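Order-wise, the sequence lines are chains S and Y.
Per the numbering used here, the first sequence runs over residues 7 to 370.
Per the numbering used here, the second sequence runs over residues 2 to 307.
Built from N, CA and C at the ideal position, the CB exists for glycine as well.
Treat the numbers as computed from the prediction; the structure is a model and nothing was measured.
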Amino acid sequence: MSKKMKKICTAILILAAVVLIALFDNDMIGNAYVKRVLNLAAIYAIISVSMNLVNGFTGLFSLGQAGFMAIGAFSVAIFTVPAEYISSIFYIEPMAPWLAAIRLPFVAALLVGGLIAAALSLLIGYPVLRLKSDYLAIATLGFSEIIRIVFTQLQTITNGALGINRIPGITTMWVPFGAAAICIGIMLLLINSSYGRAFKAIREDDIAAEAMGINLSFHKNLAFAVSSFFTAIGGGLYAALLTSVDPKQFYFTMTYNFLLIIVLGGMGSVTGTVIASFIITGGLEWLRFFDEPLSIMGVEIPLFRSGLRMVVFSVLLMILVLFYRKGLMGQREFSWDGIYRWCQKIKAKITKPSGKSSDAKGGM
Amino acid sequence: MFRERYGIFMSMDIFLQHLLNGISVGSLYALIAIGYTMVYGILLLINFAHGDIFMMASYFMIFAVVDFGVPVWISLPLIIVFTVVLGMLLERAAYKPLRSAPRMSIMISAIGASYLLENLATYLFTGVPKGYPDIPWLTAVINVGNISFQIVTVIAPVLIIVILLGLMALVNHTKTGMAMRAVSKDFETARLMGIKIDKVIAATFAIGSGLAAVGSVLWGAKYSSVYPLMGVMPGLKCFVAAVFGGIGNIPGAVLGGIVLGLGETLLVAFFPGLTGYRDAFAFVVLIVMLLVRPNGLLGEKTTDKV
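This is the structure in C-alpha cells:
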C-alpha cells in the first residue's frame, strides 16, 4: 500500500469518527444511554492504555489504577464543585475553608489531580521499583486501598463516605473523546520515542537492558509516573461523567476491569487496548441481562439472578489468560498494511477455499 | 470494644489485654501468611486467591454446621479436607497450565481466580454477611484477674507454635520437605534431579490451604461474620506479613504475622483516633520495610543470576 493511500485511509477514518461523534452529540443517532456508554468507554480507554504502559510495555505489574483514579476523581470533585453548593454537600462537617476558597476550571482540576497522582506514584515507586516487580503489585494494590481508606476518613476534604455530588457534568462527547485522543496520543509518542524503546527493553529482560546502559530505576519510575498521571486524568473525567463520587466506587476490584481490558486487547498494544475498552465497556452493559431474572416461555431460568454478570466477567478473564494469552492484538499495532494483508488473505481464502489461513488475524 | 471506652489512658491490665489480643490476631495472620510464603518460595507467585480460599473455608463451615447439622468435631476435619481439595483444584486449573508462561500471566490468572471465587461466593451465597457457627470451646470467655478473653485468644498462639514446629520438621526432615527446598532453590535443576515438580507444588498448596482452613475456624470464633469479600483484607495483610518476615521463609512468616497483628492492635489501642486507618497500617509497614530491609526480617539476600 502506498504512503499516499495510507494517508487517505487515515484521513477517512478520522473524518468518519468526527462525523460519528458529531451525529451522536447532536442527538441525530443513538440515545443518552448509548452516549453514556461510549463516553465511559473512551475514559476507560485512557486508563487502560496508561495501565498498559506500565504492565504491557514496561513489564511491571501495577494494580493501583483504582487509587490513582480516585485521586483524579476527587481532585475534580473538590475543585470544580460550585461554591454555592459546598455547604449543602458538606453538611456533616464543613469543607476546610482554605480548600473551599480554591475553585478551579475543569481542565486545571484535572491537571492538579494528575500531578498529585504522579507525585504519589514516585513516592511509592522509589522504594518499590528498585526491587522485583512482584512487590509493586502488592504495594500498588495496598496503596489503592490506603487512598480509599484515607478518602473515607478525611471528612473536611472529601466529605468522607458520603462523597461529593453535583459536580459539573460533561455536556458534550467531545470532552471525553478529545481527552482520550490527546492522552493516548501523548502516550503513543512516548512509546515510540527512545524512552518507549527503553521500556520495551526492560520488559524483555531487565538485566540485559541494564547492561546496555539503560537506567532501570529512572525508566521504571518514569513509566509508572506517566501512567499514574493519565490514570488520574481518566479518573477526573469519570467523576465529571458521573457527576458524583464517593470512595466506595474506587474499591480495588475496579482495577480488574482495566486488567481485563488490557489482557483482552493484548499486553503491549495500544490499539488493542482501545478496541478492548469499547468491547468490554459495551459488553459489561450488554451482560446486564445476566443479572435480571430471565424466563423463557414462562419458565423461569433459576441461574439468572444478581451477581451472575460478575461471575461471567471473571470466568472470561480466566479463559482469556489461560487460553488466549495474547489477546486480540498481542504486541502488534493497527496498521493499514496489516489491514491490507488481512484483506488479501480473506480474498485468497474466498477464491481458494482449500487454503489454510489459521493466522488470518495476523497483522491486524 | 475496649478501646473506645478507655482511649489512651491505659492501665497495666488493659495493656495486657491488648497485648494478648494483638498476639492472637497476629497468630491468625501467621497461619495465612505461611500459605503465601510457601507458595511464593516455590512458584514465585503471589497467590492472590489465598485469602479467598480462607473465605470459602468459612462458608464450608457454615454449610456443614448450620445447613447440614454436622457436629463441630466432625466438620472440623471435613472442612480442612474440602479446603485442601479446593486449593489443589485451584492450582490445577489456574496455575498448572501456565507453568511455562510469563510470570505476569500467572499473576493475572491468580487475580482472575481470586475474583472468580469472590464473585461466585457473592452469586451463590449473596453478599449478606452470615454468622459463623458458635463453637463453645473456642468462644467461651475466661476471666483472669481483670483480664477477660476468649479461649481462642490463647489457643491461636499455642497452635501456631505447634504448627510451626511441625512444618519445620516436615521441611527439614522429610523427603517432601527436601523436595520443596530443592524446588524453591532452583526449579529447573530440581526437575532434572528427578523431583516431581507438580507433586511438590500440589503438596505446597495443600498445606497452605489446610492452614487457611484452620485459620478460618479461629477467625470465625473471633469475628463471627462471614461474607464474600472477607478474605481480601486478611489476604493482602498476610502477604505483607510474609514479605515483612522474609518471603519464602516459614518462621519469618509467623514472626511477620505476629508483629503485624500486634502492631496493628497496639496502634489502635494507643491512638484511638487512628481506628479508621487500621487497615492502612500494614501497607505503610510494607513500604517502609521495602525501603529499609527489602529482604525481610529473616530473609536471605538473593541476587539474580544472568
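Since Y:N144 is in the beta strand (DSSP E), which residue starts that stretch and which ends it?
Your numbering for residue 144 of chain Y matches position 143 in the second sequence. Taken as a continuous stretch (DSSP letters only), the beta strand (DSSP E) holding Y:N144 covers V142 to V145.
Using 8 Å as the threshold, is the stretch 306–322 of chain S in touch with the stretch 73–85 of chain S, meaning 3 or more CB pairs across them?
Touching, no.
Strictly by DSSP, which residues pair up with S:W134?
Taking the first residue of the first sequence as position 1, residue 134 of chain S is located at position 128. In the sequence as displayed, the identity of residue 134 of chain S is Val instead of Trp. Beta-bridge partners assigned by DSSP to S:V134: none are found.
Would you please verify whether the beta carbon of Y:I112 is less than 8 Å from any beta carbon of chain S?
Along the second sequence, one-based indexing puts residue 112 of chain Y at 111. Using beta-carbon distances, Y:I112 counts as an interface residue toward chain S, with a partner under 8 Å.
Can you find a CB in chain Y that lies within less than 8 Å of the CB of S:T59?
The residue labelled residue 59 of chain S in the question sits at position 53 within the first sequence. Checking the displayed sequence, the identity of residue 59 of chain S turns out to be Leu instead of Thr. S:L59 is outside the set of residues whose beta carbon lies under 8 Å from a beta carbon in chain Y.
Which one or two residues does DSSP pair with Y:I148 in a beta bridge?
Locating residue 148 of chain Y in the second sequence gives position 147, where the first residue counts as 1. In the DSSP output, where bridge partners are listed per residue, Y:I148 has Y:V145.
Three or more beta-carbon pairs under 8 Å between the stretch 115–122 of chain S and the stretch 92–102 of chain S, yes or no?
No, the stretch 115–122 of chain S is not in contact with the stretch 92–102 of chain S.
Please tell me whether Y:A281 and S:I163 are closer than 8 Å, where the distance is taken between their beta carbons.
As a first step, residue 281 of chain Y must be located in the second sequence, where it is residue number 280. As a first step, residue 163 of chain S must be located in the first sequence, where it is residue number 157. Cβ distance not < 8 Å, so Y:A281 and S:I163 don't count as in contact.
The alpha helix (DSSP H) that contains S:L328, what's its start and end?
Here residue 328 of chain S refers to the residue found at position 322 of the first sequence. Its alpha helix (DSSP H) spans residues L314 to F329.
Chain Y residues whose Cβ lies nearer than 9 Å to that of S:T158
Translated into positions along the first sequence, residue 158 of chain S becomes position 152. Chain Y residues near S:T158: G277.
Option in S:L105, S:V60, S:L293 and S:G175 with minimal Cα separation from S:F236
The count along the first sequence starts at 1 and reaches residue 236 of chain S at position 230. Distance check between S:F236 and each of S:L105, S:V60, S:L293 and S:G175 places S:V60 closest, using alpha-carbon atoms only.
Please report the straight-line C-alpha distance between Y:V218 and Y:L117, rounded to a whole angstrom.
Counted from its first residue, the second sequence places residue 218 of chain Y at position 217. Counted from its first residue, the second sequence places residue 117 of chain Y at position 116. Answer to the nearest angstrom: the Cα atoms are 23 Å apart.
Comparing alpha-carbon positions, which option in Y:A157, Y:R93, Y:G253 and Y:L20 lies nearest Y:F206?
The sequence position of residue 206 of chain Y within the second sequence is 205, counting from 1. Closest in alpha carbon position to Y:F206, among Y:A157, Y:R93, Y:G253 and Y:L20, is Y:R93.
Between which residues of its own chain and S:A246 is the CB-CB distance below 8 Å, once the five residues before and five after are set aside?
Numbered from 1 along the first sequence, position 240 holds the residue referred to as residue 246 of chain S. These residues qualify, in order along the chain: V82, T86, F112, I173, P174, G175, I176 and V181.
Mind listing the chain S neighbours of Y:S210? Cutoff is C-beta to C-beta under 9 Å, in chain order.
Sequence index remark: in the second sequence, residue 210 of chain Y carries index 209 (1-based). The contacting residues do not exist; Y:S210 stays about 19 Å from chain S at best.
Boundaries (first-last residue) of the alpha helix (DSSP H) holding S:P182
Counting from 1 along the first sequence, the entry for residue 182 of chain S is found at position 176. Run containing S:P182: W180 to I197, per the alpha helix (DSSP H) assignment.
Can you list, in chain order, the residues of its chain whose CB lies under 8 Å from that of Y:I196, leaving out five sequence neighbours each side?
Taking the first residue of the second sequence as position 1, residue 196 of chain Y is located at position 195. Closer than 8 Å at the Cβ level, and outside the excluded window around Y:I196, lie A180, A183 and V184.
Between the stretch 272–288 of chain S and the stretch 324–340 of chain S, do at least 3 Cβ pairs fall closer than 8 Å?
Cβ pair count under 8 Å is three or more, so yes.
In chain Y, which residues lie with their C-beta within 9 Å of the C-beta of S:E99?
Translated into positions along the first sequence, residue 99 of chain S becomes position 93. Simply none; closest approach about 14 Å.
Going by C-alpha to C-alpha distance, which of Y:G132, Y:A254, Y:S149 and Y:V215 sits closest to Y:D68?
Position 67 of the second sequence, counted from the first residue, corresponds to residue 68 of chain Y. When only C-alpha atoms are compared, the closest one is Y:G132.
In angstroms, rounded to a whole number, what distance separates the CA positions of Y:H51 and S:I144?
Looking up residue 51 of chain Y in the second sequence gives position 50. Looking up residue 144 of chain S in the first sequence gives position 138. Spanning the alpha carbons of Y:H51 and S:I144 requires a straight line of approximately 14 Å.
Could you name the residues that DSSP lists as bridge partners for Y:S226?
Taking the second sequence and counting its residues from 1, one reaches residue 226 of chain Y at position 225. Looking at the DSSP output, Y:S226 bridges to Y:G132.
In its own chain, which residues sit with a C-beta less than 7 Å from the C-beta of S:I35, not counting the 5 before and 5 after it?
For the purposes of this step, residue 35 of chain S is identified with residue 29 of the first sequence, where counting begins at 1. Taken in chain order, the residues that qualify are L29.
DSSP state of Y:V71 mapped onto helix, strand, coil
The sequence position of residue 71 of chain Y within the second sequence is 70, counting from 1. It is coil, neither helix nor strand.
Tell me the DSSP bridge mates of S:V25?
On the first sequence, position 19 is the one that residue 25 of chain S refers to. Beta-bridge partners of S:V25 (DSSP): none assigned.
Going along chain Y in order, which residues have a C-beta closer than 7 Å to the C-beta of S:P133?
In the first sequence, residue 133 of chain S corresponds to position 127, counting from 1. Result: I288, L291 and L292.
Same chain, Cβ closer than 8 Å to Y:L17, neighbours up to 5 away in sequence not counted
Taking the second sequence and counting its residues from 1, the one referred to as residue 17 of chain Y is at position 16. If we look at Y:L17 and ignore the five residues flanking it on each side, its Cβ neighbours are I148.
State the DSSP-derived secondary structure class of S:V251, mapped to helix, strand or coil.
The count along the first sequence starts at 1 and reaches residue 251 of chain S at position 245. Correct three-state label for S:V251: strand.
Can the beta-carbon of S:S233 be found closer than 8 Å to that of S:S68?
The residue labelled residue 233 of chain S in the question sits at position 227 within the first sequence. The residue labelled residue 68 of chain S in the question sits at position 62 within the first sequence. Cβ distance < 8 Å, so S:S233 and S:S68 count as in contact.
Evaluate Y:T266 with the Cβ neighbour count: other Cβ atoms within 10 Å of its Cβ, from every protein chain shown; 16 or more gives buried, anything less gives exposed.
What you label residue 266 of chain Y is simply residue 265 of the second sequence in a count that begins at 1. Y:T266 is buried by the Cβ-count criterion.
In terms of residue numbering, what span does the alpha helix (DSSP H) encompassing S:D297 cover?
As a working mapping, residue 297 of chain S is identified with position 291 in the first sequence. The continuous stretches of alpha helix (DSSP H) do not include S:D297, and DSSP gives it neither H nor E.
Anticipated Cβ contact below 8 Å, Y:G253 with Y:L298, distance rounded
Within the second sequence, numbered from 1, the residue matching residue 253 of chain Y stands at position 252. Within the second sequence, numbered from 1, the residue matching residue 298 of chain Y stands at position 297. So it is a contact: roughly 6 Å between Cβ atoms.
Return no unless some Cβ of chain S is closer than 8 Å to the Cβ of Y:T84.
The count along the second sequence starts at 1 and reaches residue 84 of chain Y at position 83. Output row for Y:T84: interface = no.
Just how far apart, CA to CA, sit Y:S225 and Y:P134?
Your numbering for residue 225 of chain Y matches position 224 in the second sequence. Your numbering for residue 134 of chain Y matches position 133 in the second sequence. Rounded to whole angstroms, the gap between the alpha carbons of Y:S225 and Y:P134 is 8 Å.
Assign Y:A222 to one of two classes, buried (16 or more other C-beta atoms within 10 Å of its C-beta) or exposed (fewer than that).
Counting from one through the second sequence, the residue named residue 222 of chain Y turns up at place 221. By the 10 Å Cβ count, Y:A222 comes out buried.
What are the start and end residues of the alpha helix (DSSP H) that includes S:E99?
Position 93 of the first sequence, counted from the start, is the residue given in the question as residue 99 of chain S. Per DSSP, S:E99 belongs to no alpha helix (DSSP H) and is neither H nor E.
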